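Just so we're aligned, residue 31 is where the sequence shown starts under this note's numbering, counting upward by one.
Report on the structure given below.
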Amino acid sequence: WMPSMEGFVGYLVDSKLVFDTVERIIAGSTDVAYVYFRKSGLERSASIEKDLEWFREQAIEIPEPSTFGSTYAAYLSELAGSSAPAFLSHYYNIYFSHTTGGLAIGKKTCDKILEGRLLEFYKWDSDPELLLKDAREKLNELSKHWSRKDRNLCLKEAAKCFQYMGRIVRLIVS
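Below, the structure written as C-alpha coordinates:
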(Lines of atoms letter the chains of each structure in order from A; the text may use other names.)
(Lines give C-alpha, C1' and ligand atoms only; values in the text may rest on other atoms or scores of the structure.)
Protein backbone atom coordinates (compact mmCIF):
# COMPACT_ATOMS: atom_id res chain seq x y z
CA TRP A 31 0.00 0.00 0.00
CA MET A 32 1.76 3.11 -1.24
CA PRO A 33 -0.07 6.43 -1.32
CA SER A 34 0.89 9.11 -3.81
CA MET A 35 0.97 12.84 -3.16
CA GLU A 36 -1.14 13.46 -6.27
CA GLY A 37 -3.67 10.83 -5.22
CA PHE A 38 -3.85 12.11 -1.65
CA VAL A 39 -4.43 15.70 -2.76
CA GLY A 40 -7.11 14.44 -5.16
CA TYR A 41 -8.73 12.59 -2.26
CA LEU A 42 -8.73 15.79 -0.20
CA VAL A 43 -10.25 17.80 -3.07
CA ASP A 44 -13.06 15.27 -3.54
CA SER A 45 -13.59 15.02 0.22
CA LYS A 46 -13.84 18.79 0.44
CA LEU A 47 -16.48 18.83 -2.29
CA VAL A 48 -18.50 16.16 -0.49
CA PHE A 49 -18.23 17.86 2.91
CA ASP A 50 -18.97 21.27 1.34
CA THR A 51 -22.10 19.82 -0.22
CA VAL A 52 -23.34 18.14 2.95
CA GLU A 53 -22.58 21.15 5.14
CA ARG A 54 -24.17 23.61 2.68
CA ILE A 55 -27.34 21.51 2.53
CA ILE A 56 -27.58 21.17 6.30
CA ALA A 57 -26.91 24.87 6.89
CA GLY A 58 -29.25 26.17 4.23
CA SER A 59 -32.18 23.80 4.30
CA THR A 60 -35.59 24.71 5.60
CA ASP A 61 -36.31 21.02 6.26
CA VAL A 62 -36.73 20.75 10.02
CA ALA A 63 -35.00 17.35 10.04
CA TYR A 64 -31.74 18.97 8.92
CA VAL A 65 -31.79 21.69 11.59
CA TYR A 66 -30.86 19.14 14.27
CA PHE A 67 -27.50 18.60 12.57
CA ARG A 68 -26.37 22.21 12.21
CA LYS A 69 -23.13 23.18 13.94
CA SER A 70 -22.62 19.61 15.11
CA GLY A 71 -18.86 19.98 15.49
CA LEU A 72 -18.38 17.26 12.88
CA GLU A 73 -17.90 19.77 10.04
CA ARG A 74 -14.68 19.23 8.06
CA SER A 75 -14.88 21.56 5.08
CA ALA A 76 -13.01 24.49 6.65
CA SER A 77 -10.29 22.15 7.91
CA ILE A 78 -9.75 20.66 4.47
CA GLU A 79 -9.57 24.15 2.98
CA LYS A 80 -6.70 24.98 5.38
CA ASP A 81 -4.92 21.80 4.31
CA LEU A 82 -5.34 22.54 0.61
CA GLU A 83 -3.99 26.04 1.22
CA TRP A 84 -0.91 24.48 2.89
CA PHE A 85 -0.40 22.25 -0.17
CA ARG A 86 -0.64 25.34 -2.43
CA GLU A 87 2.05 27.01 -0.31
CA GLN A 88 4.22 23.94 -0.92
CA ALA A 89 3.73 24.48 -4.70
CA ILE A 90 1.66 21.32 -5.00
CA GLU A 91 -0.97 21.53 -7.71
CA ILE A 92 -4.57 21.32 -6.52
CA PRO A 93 -6.69 19.52 -9.13
CA GLU A 94 -10.35 19.93 -9.90
CA PRO A 95 -12.63 17.37 -8.24
CA SER A 96 -12.69 13.98 -9.93
CA THR A 97 -15.74 12.44 -11.52
CA PHE A 98 -16.20 10.38 -8.34
CA GLY A 99 -16.44 13.43 -6.09
CA SER A 100 -18.53 15.46 -8.53
CA THR A 101 -20.97 12.61 -9.12
CA TYR A 102 -21.38 11.97 -5.40
CA ALA A 103 -21.88 15.66 -4.59
CA ALA A 104 -24.55 15.92 -7.31
CA TYR A 105 -26.25 12.78 -5.98
CA LEU A 106 -26.29 14.20 -2.44
CA SER A 107 -27.80 17.49 -3.65
CA GLU A 108 -30.53 15.65 -5.52
CA LEU A 109 -31.21 13.30 -2.61
CA ALA A 110 -31.44 16.15 -0.08
CA GLY A 111 -34.36 17.62 -1.96
CA SER A 112 -36.23 14.36 -2.37
CA SER A 113 -35.70 12.36 0.84
CA ALA A 114 -34.47 13.65 4.19
CA PRO A 115 -34.13 10.11 5.63
CA ALA A 116 -32.00 8.97 2.69
CA PHE A 117 -29.84 12.11 2.76
CA LEU A 118 -29.36 11.85 6.53
CA SER A 119 -28.20 8.27 6.08
CA HIS A 120 -25.40 9.62 3.89
CA TYR A 121 -24.75 12.48 6.33
CA TYR A 122 -24.21 10.10 9.22
CA ASN A 123 -22.22 7.52 7.27
CA ILE A 124 -19.91 10.11 5.70
CA TYR A 125 -18.91 11.38 9.14
CA PHE A 126 -18.87 7.85 10.56
CA SER A 127 -16.47 6.66 7.87
CA HIS A 128 -14.25 9.70 8.38
CA THR A 129 -14.08 9.41 12.18
CA THR A 130 -13.36 5.68 12.10
CA GLY A 131 -11.40 4.31 9.15
CA GLY A 132 -10.74 7.68 7.56
CA LEU A 133 -8.70 8.92 10.50
CA ALA A 134 -6.52 5.80 10.51
CA ILE A 135 -5.98 5.90 6.74
CA GLY A 136 -5.28 9.64 6.84
CA LYS A 137 -2.73 9.38 9.64
CA LYS A 138 -0.91 6.51 7.90
CA THR A 139 -0.87 8.46 4.67
CA CYS A 140 0.47 11.57 6.42
CA ASP A 141 3.21 9.45 8.03
CA LYS A 142 4.22 8.01 4.66
CA ILE A 143 4.15 11.05 2.39
CA LEU A 144 4.13 14.12 4.66
CA GLU A 145 6.79 13.04 7.14
CA GLY A 146 4.20 12.75 9.89
CA ARG A 147 2.61 16.17 9.46
CA LEU A 148 -0.96 15.82 10.70
CA LEU A 149 -3.43 17.71 8.55
CA GLU A 150 -6.23 19.85 9.96
CA PHE A 151 -8.72 17.42 8.40
CA TYR A 152 -7.69 14.92 11.06
CA LYS A 153 -7.81 17.30 14.04
CA TRP A 154 -10.91 17.97 16.15
CA ASP A 155 -11.85 20.59 18.73
CA SER A 156 -13.57 17.89 20.78
CA ASP A 157 -13.90 14.11 20.83
CA PRO A 158 -15.22 13.03 17.40
CA GLU A 159 -16.70 9.84 18.88
CA LEU A 160 -18.89 11.92 21.19
CA LEU A 161 -19.91 14.23 18.34
CA LEU A 162 -20.83 11.22 16.23
CA LYS A 163 -22.73 9.67 19.15
CA ASP A 164 -24.76 12.89 19.46
CA ALA A 165 -25.55 12.83 15.72
CA ARG A 166 -26.52 9.14 15.95
CA GLU A 167 -28.86 9.81 18.88
CA LYS A 168 -30.55 12.65 16.97
CA LEU A 169 -30.87 10.48 13.89
CA ASN A 170 -32.35 7.62 15.93
CA GLU A 171 -34.87 10.01 17.47
CA LEU A 172 -35.91 11.33 14.06
CA SER A 173 -36.15 7.84 12.60
CA LYS A 174 -38.87 6.94 15.10
CA HIS A 175 -41.16 9.10 12.96
CA TRP A 176 -40.17 7.51 9.65
CA SER A 177 -42.04 4.77 7.86
CA ARG A 178 -40.61 1.27 7.51
CA LYS A 179 -40.03 2.11 3.84
CA ASP A 180 -37.91 5.16 4.80
CA ARG A 181 -35.87 3.14 7.31
CA ASN A 182 -35.23 0.44 4.70
CA LEU A 183 -34.22 3.14 2.24
CA CYS A 184 -31.65 4.38 4.77
CA LEU A 185 -30.04 0.94 4.81
CA LYS A 186 -29.81 0.90 1.02
CA GLU A 187 -28.39 4.41 1.00
CA ALA A 188 -25.76 3.46 3.59
CA ALA A 189 -24.40 0.89 1.15
CA LYS A 190 -24.34 3.52 -1.61
CA CYS A 191 -22.52 5.94 0.69
CA PHE A 192 -19.76 3.42 1.36
CA GLN A 193 -19.45 2.69 -2.38
CA TYR A 194 -19.06 6.38 -3.22
CA MET A 195 -16.68 7.05 -0.33
CA GLY A 196 -14.67 3.93 -1.16
CA ARG A 197 -14.04 5.23 -4.68
CA ILE A 198 -12.87 8.54 -3.27
CA VAL A 199 -10.56 6.89 -0.70
CA ARG A 200 -8.98 4.75 -3.43
CA LEU A 201 -7.74 7.96 -5.07
CA ILE A 202 -5.03 8.02 -2.38
CA VAL A 203 -3.18 5.15 -4.05
CA SER A 204 -3.76 6.28 -7.65
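Don't be surprised by glycine CBs; every beta carbon is placed ideally from N, CA and C.
Quick caveat, the model's predicted, so the values are computed rather than measured.
Hey, residue i and residue j are a contact pair by Cβ (cut 8 angstroms); roughly how many whole angstroms apart?
i    : j    : result
F126 : S77  : Incorrect: roughly 17 angstroms between the Cβ atoms, too far for contact.
A110 : I55  : 4 angstroms
L169 : Y122 : 5 angstroms
Whole angstroms is fine: what's the gap from residue i's alpha carbon to residue j's?
i    : j    : result
C191 : K179 : 18 angstroms
H175 : M35  : 45 angstroms
D44  : L118 : 19 angstroms
A165 : S173 : 12 angstroms
R181 : E87  : 45 angstroms
Give every residue of the same chain whose Cβ lies closer than 8 angstroms to the Cβ of residue i, excluding the five residues on either side of it in the sequence, and list them in chain order.
i    : result
V39  : L82, F85, I90, E91, I92 and P93
A57  : R68
L106 : V48, T51, V52, I55, F117 and H120
Ordered along the chain, which non-local residues of its own chain (more than five positions away) have a Cβ less than 7 angstroms from that of residue i?
i    : result
E187 : A116, S119 and H120
Using a Cβ-Cβ cut-off of 6 angstroms (strictly less than) and excluding sequence neighbours within five positions of residue i, which residues of its own chain qualify?
i   : result
E53 : E73 and S75
Heavy atom of the ligand ATP less than 7 angstroms from the Cβ of residue i, yes or no?
i   : result
D44 : The ligand content of the structure shown is nil, which means the ligand ATP is not present either.
Write down every uninterrupted run of the alpha helix (DSSP H) in the segment 74-154 whose length is 4 residues or greater and which is fully enclosed by it, in chain order.
75-87, 97-112, 114-127 and 133-143
Contact between the segment 148-168 and the segment 78-96: three or more CB pairs below 8 angstroms?
yes
Sequence ranges, beta strand (DSSP E) only - wholly within the segment 166-190, length at least 3
none
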